[in-house]
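**Student:** Sending over a structure as structure tokens; questions will come in a sec.
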Amino acid sequence: RIREHIADKAKLPILIFPEGTCINNTSVMMFKKGSFEVGGTIHPVAIKYDARFGDAFWNSTKFSVLTYVFNMMTSWALVCNVWYLPPMVKEEEEDAVDFANRVKAVIAAQGGMSVLPW
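Take the sequence shown: its position 82, counted from the start at 1, is 82 in the UniProt record's numbering, and no numbers get skipped.
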């Protein structure tokens, strides 16, 4: 369905979070390869939260979802840095996993985060 969507230029772009989750702001996890298999142009965006006013990361081993939501709703602000990076396309010699890893490395470098192999 993604391939059909991006082939139709009249349709709006799709926003995808290829990690499939949010983590603790220190690293970038493995990207799901599906969105990198379709041959579209990727417009990477690096997002890094500033935890000084409120931490957007939910550690389910420390807080219940209700506590997390309460903390988010009562925090003074939720501040993040957002970097819109140059568009990237899959190179001829790359498979989807290599392309995803290249995009992941660019995002991690911009945000000052480490790259996780998993």
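Every residue, glycine too, gets a C-beta built ideally from N, C-alpha and C.
None of the values given here were measured: they were computed from a predicted structure.
Excluding sequence positions up to five away, which residues of its chain have a Cβ less than 6 Å from the Cβ of residue 130?
**Tutor:** Only positions 1 to 118 of the chain appear in this structure, which leaves residue 130 out of reach.
**Student:** Check each candidate in Val106, Lys11, Ser114 and Tyr68 and name the one with the smallest Cα separation from Val45.
**Tutor:** Answer by Cα proximity: Val106.
**Student:** Who are the Cβ neighbours of Trp83 in its own chain at under 6 Å, not counting the five residues just before and after it?
**Tutor:** Result list for Trp83: Ala46 and Gln110, in chain order.
**Student:** Along the chain, where does the alpha helix (DSSP H) containing Val69 start, and where does it finish?
**Tutor:** That run of the alpha helix (DSSP H) goes Val65 to Thr74.
**Student:** Sorted by chain position, which residues of the same chain lie with C-beta nearer than 8 Å to Met72's C-beta, five sequence neighbours on each side aside?
**Tutor:** Counting only Cβ-Cβ distances below 8 Å, and skipping sequence neighbours, we find Gly54, Ala56 and Leu78.
**Student:** On the three-state DSSP scale, how would you describe Ser35?
**Tutor:** Ser35 falls in the helix class under three-state DSSP.
**Student:** Does the ligand MN have a heavy atom nearer than 7 Å to the CB of Val65?
**Tutor:** Among the ligands in the structure shown, none appear at all, so the ligand MN cannot be discussed.
**Student:** What residues in its chain sit with their C-beta under 8 Å from that of Thr21, if we drop five residues either side in the sequence?
**Tutor:** Within the same chain, Thr21 has close Cβ partners Met29.
**Student:** DSSP on Asp50, reduced to helix/strand/coil?
**Tutor:** Looking at Asp50 - three-state DSSP - the assignment turns out to be strand.
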